[in-house]
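A.B. asks: Per my numbering, the very first residue in the sequence shown carries number 27; after that it's consecutive. Note that the Cβ used here is the ideal one computed from N, Cα and C, for glycine as well.
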Amino acid sequence: MTTDIDAQIAENIAKSLGEVPHPALPKGSNIYGSTKLFPDFQAEDGETYFTLIHGIPHESSVSFVAILQATRALRKGFESAIYLYGPGTLAATANRGFPTTGDAGFPGELNMNNSLETFIKEGGTVYCCRFGLALHGIREEDLIEGVIPAHPLDVQDALIYYARKGAIINSTYNL
Numbered sequence: 027m028t029t030d031i032d033a034q035i036a037e038n039i040a041k042s043l044g045e046v047p048h049p050a051l052p053k054g055s056n057i058y059g060s061t062k063l064f065p066d067f068q069a070e071d072g073e074t075y076f077t078l079i080h081g082i083p084h085e086s087s088v089s090f091v092a093i094l095q096a097t098r099a100l101r102k103g104f105e106s107a108i109y110l111y112g113p114g115t116l117a118a119t120a121n122r123g124f125p126t127t128g129d130a131g132f133p134g135e136l137n138m139n140n141s142l143e144t145f146i147k148e149g150g151t152v153y154c155c156r157f158g159l160a161l162h163g164i165r166e167e168d169l170i171e172g173v174i175p176a177h178p179l180d181v182q183d184a185l186i187y188y189a190r191k192g193a194i195i196n197s198t199y200n201l
């Protein structure tokens with residue numbers, strides 16, 4: 027019976043591969059349109075963009091993309107701030123890497139670190155919840171330079187502050 031099933035699977039694999047046209051398109055081929063639907067908005071005077079990140083680095087791209095969006099808002103002229111809380115605080119750890127700190131044990135391991143450093147260097151503000159740090163055994167001196175440690179009660183008050191300023195608020199949360 028196993029031989030018959032193995033033969034059927036092998037036949038189906040060959041059939042499936044035969045359905046794929048080859049050769050694949052060469053690198054650089056356009057397979058999607060490039061029409062941008064919305065204007066490339068720039069910040070008006072005093073506009074703010076606030077990002078909340080409550081996601082574990084490397085568990086999904088959600089937290090990384092949120093940092094990239096906050097950076098893009100900064101480059102559009104928005105006052106841009108990120109608030110890392112809960113497991114999001116892991117993203118602000120400066121002493122990551124393998125086999126030594128600063129070494130990427132796999133491609134992309136330090137994407138979030140590098141992106142936060144760029145965001146700060148370009149004028150963005152990064153807050154990091156002290157309770158989130160404590161939950162993961164991270165000391166304040168382990169933070170990326172320029173990350174601002176914040177009291178746990180500041181999460182809600184920061185949200186109120188930025189909402190009252192009329193900020194665009196991007197709140198990410200991993201489940």
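#1: Run through DSSP, which three-state label would SER60 get?
#2: In this structure, how does DSSP classify LEU113 when only helix, strand and coil are distinguished?
#3: GLU143: which of ALA118, ARG122, THR127 sits nearest, CA to CA?
#4: Whole-angstrom Cβ separation of LEU116 and HIS162, contact assumed at under 8 Å?
#5: Quick check on DSSP: helix, strand or coil for VAL181?
#6: According to DSSP, simplified to helix, strand and coil, what is GLU37?
#7: Am I right that PHE90 and MET138 are in contact with their C-beta atoms under 8 Å? What's the rounded C-beta distance?
#8: Along the chain, where does the beta strand (DSSP E) containing THR151 start, and where does it finish?
#9: Determine which residues share a DSSP beta bridge with HIS80 and list them.
C.D. replies: The answer reads as follows:
#1: coil
#2: Note that residue 113 is Pro in the sequence shown here, rather than Leu. Three-state result, PRO113: helix.
#3: ALA118
#4: Confirmed, Cβ separation roughly 6 Å.
#5: helix
#6: helix
#7: 6 Å
#8: 151-155
#9: TYR199
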